[in-house]
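Peer 1: Structure incoming, see below.
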Amino acid sequence: MLQMAVTVRAYHAGLEEQVDQISHKAWVLFKYNKDYDYPMMSCVFNEQDELIALGYIRKGYDDDHDVMEVVMDVNERGAERISEVRIALYPALIEISQAIRNPNKRTKLVAWNDFHGCGEFRYDEEFAPFQTYYYAKLSLEKGYPEIQMPSGIEVRHHPMETIEERMKYTEVENHYLKGVVYRSVNMLEWMMAGPELHTIAAFDGDELVGSVMCWQTGAVDRFFVHPRWRNTGLGEYLLTKGFEYHLQKGRTEVDTLVHAKDEPTMRLLESMGYSFPVKLELYAMNMK
14 MLQMAVTVRA YHAGLEEQVD QISHKAWVLF KYNKDYDYPM MSCVFNEQDE
64 LIALGYIRKG YDDDHDVMEV VMDVNERGAE RISEVRIALY PALIEISQAI
114 RNPNKRTKLV AWNDFHGCGE FRYDEEFAPF QTYYYAKLSL EKGYPEIQMP
164 SGIEVRHHPM ETIEERMKYT EVENHYLKGV VYRSVNMLEW MMAGPELHTI
214 AAFDGDELVG SVMCWQTGAV DRFFVHPRWR NTGLGEYLLT KGFEYHLQKG
264 RTEVDTLVHA KDEPTMRLLE SMGYSFPVKL ELYAMNMK
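All letters in the sequence shown, in the order written, are residues 14 to 301 by my numbering.
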């Protein structure tokens, strides 16, 4: 039997319920995060006009260039035709990226190495290795080192209740995190409105000099320390405060995403007992 091709159309308000059925995360992101608007998503339909897949762009930056990350979600019908869906969807996502990019900056289109189930897939063979990350994991069941808080520092829960606090936090975090950064004030506010986000921050007087965020998933993430306070025990202390938070919530397994080239953080995590079982590779192509 001859199979007709899938079709790709732009996301709009009338598709919200169907999008939610495929990816609640995507639906919430486009519904409540001001950084995302309908034109940043494309939807794939089968011959019966049923939504079977969606793709959108996460806009971020890394050093001196902008980054457009390809994100794709499918349902069972889309998974059965994943190669066809990819071939149809990637050109649409490239078109979206071209429309929203800053023409005055270099731009990379990036995707994770599995390419949604097909590690051999390289659109136009222009994707090349870009960055490597690890999901570092730690079991808290056997305990962890006891770390003393460095003198001259205040470490506390940082709810960021004012827009000024959120703007300052975003500025400082983006300055010190390594790798692709997606954080904006809108993204921060969206995450704060979620089911659970607990931020623990370190202050030198009024200056924010370190932080770690904890999620309901067991994540101890978005970890950074000002260079002036590295090698003082502050990083280790912030991590232990994250461990304490999760233990209070009944969680005994934590994980932290770390850039492979962030060697100081890799060494710090290893010294705290972390292992690095999951390797994630980001591929990129230069947009013309």
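By construction, the Cβ of each residue, glycine as well, lies at the ideal position given by its N, Cα and C atoms.
Starting from Arg90, trace the alpha helix (DSSP H) both ways and give me its first and last residue.
Peer 2: Start and end: 89 to 92.
Peer 1: Can you list, in chain order, the residues of its chain with a C-beta nearer than 8 Å to that of Lys254? Leave out the 5 residues immediately preceding and following it.
Peer 2: Val168, Ile213, Val225
Peer 1: Output yes or no for whether 7 Å exceeds the beta carbon distance between Ile70 and Ile95.
Peer 2: no
Peer 1: Considering Cα atoms alone, identify which of Gly231, Thr183, Met162 is closest to Gly248.
Peer 2: That would be Met162, whose Cα lies nearest to the Cα of Gly248.
Peer 1: With a 10 Å radius around its C-beta and 16 neighbouring C-beta atoms as the bar for buried, classify Glu30 as buried or exposed.
Peer 2: exposed
Peer 1: Nearest to Ala215 by CA position, among Ser36, Ile65, Glu186, is which residue?
Peer 2: Glu186
Peer 1: Is DSSP giving Met14 helix, strand or coil here?
Peer 2: Bear in mind that a pLDDT of 39 at Met14, under 50, signals an unreliable position, so the number given afterwards is only what the model happens to contain. Coil at Met14, not helix or strand.
Peer 1: Between the Cα of Met204 and the Cα atoms of Tyr296, Thr183, Arg243, Asn115, which residue gives the shortest distance?
Peer 2: Thr183
Peer 1: Which word fits Val32, buried or exposed, when buried means at least 16 other C-beta atoms lie within 10 angstroms of its C-beta?
Peer 2: Val32 should be labelled buried.
Peer 1: Does the beta-carbon distance from Cys227 to His239 come in below 7 Å?
Peer 2: no
Peer 1: Use the C-beta contact count for Ala92: other C-beta atoms within 10 angstroms, 16 or more gives buried, fewer gives exposed.
Peer 2: Answer is exposed; the Cβ neighbour count stays below 16.
Peer 1: Report the three-state DSSP secondary structure of Met226 (helix, strand or coil).
Peer 2: In this structure, Met226 counts as strand in the three-state DSSP scheme.
Peer 1: Could you check whether the segment 140 to 147 touches the segment 265 to 282, counting it as contact only if at least three pairs of C-beta atoms, one from each stretch, sit closer than 8 Å?
Peer 2: yes
Peer 1: Going by CA-CA distance only, name the one from Gly218, Glu63, His25 that's closest to Met53.
Peer 2: Across the set Gly218, Glu63, His25, the C-alpha of His25 shows the shortest separation from the C-alpha of Met53.
Peer 1: Quick one: is Asn244 buried, meaning 16 or more other Cβ sit within 10 Å of its Cβ, or exposed?
Peer 2: By the neighbour-count criterion, in which a residue is buried when 16 or more other Cβ atoms sit within 10 angstroms of its Cβ, Asn244 is exposed.
Peer 1: Could you tell me whether the segment 101 to 120 touches the segment 276 to 285, using the rule of 3 or more Cβ pairs below 8 Å?
Peer 2: no
Peer 1: From the DSSP secondary-structure annotation, give me the bridge partner or partners of Leu293.
Peer 2: Tyr146
Peer 1: Pick helix, strand or coil for Phe58, following the three-state DSSP scheme.
Peer 2: strand
Peer 1: Looking only at C-alpha atoms, which of Arg196, His171, Leu252, Gly263 sits nearest to Asp219?
Peer 2: His171
Peer 1: Rounding to the nearest angstrom, what Cα-Cα distance links Tyr157 and Thr265 in this structure?
Peer 2: 11 Å
Peer 1: Looking at Met81 and Leu28, is the spacing between their C-beta atoms short of 7 Å?
Peer 2: Not closer than 7 Å, so no.
Peer 1: Which of the three DSSP states, helix, strand or coil, is assigned to Leu112?
Peer 2: It is worth fixing the name first, because residue 112 is Ala in this sequence and not Leu. In the structure shown, Ala112 sits in a helix (DSSP, three-state: H, G or I).
Peer 1: Using a Cβ-Cβ cutoff of less than 8 Å, which residues in the same chain neighbour Pro208 once the five nearest sequence positions on both sides are dropped?
Peer 2: Gln229
Peer 1: If you draw a straight line from the alpha carbon of Phe289 to that of Lys150, how long is it in whole angstroms?
Peer 2: For Phe289 and Lys150, the distance between alpha carbons rounds to 6 Å.
Peer 1: For Tyr69, does the three-state DSSP call read helix, strand or coil?
Peer 2: Three-state DSSP puts Tyr69 in a strand.
Peer 1: Contact defined as beta carbons within less than 8 Å: I believe Val83 pairs with Leu67. What is the distance between those atoms, to the nearest angstrom?
Peer 2: Actually they are not in contact, since the Cβ atoms of Val83 and Leu67 sit about 12 Å apart, beyond 8 Å.
Peer 1: Are the Cβ atoms of Gly286 and Leu251 separated by less than 7 Å?
Peer 2: no
Peer 1: Taking 7 Å as the threshold (C-beta atoms), are Ala101 and Val198 in contact?
Peer 2: no
Peer 1: Taking the alpha helix (DSSP H) that Glu120 falls in, what are its first and last residues?
Peer 2: Residue identity check: residue 120 is Thr in the sequence provided, not Glu. Careful: Thr120 lies outside any alpha helix (DSSP H), inside the beta strand (DSSP E) at 119 to 125.
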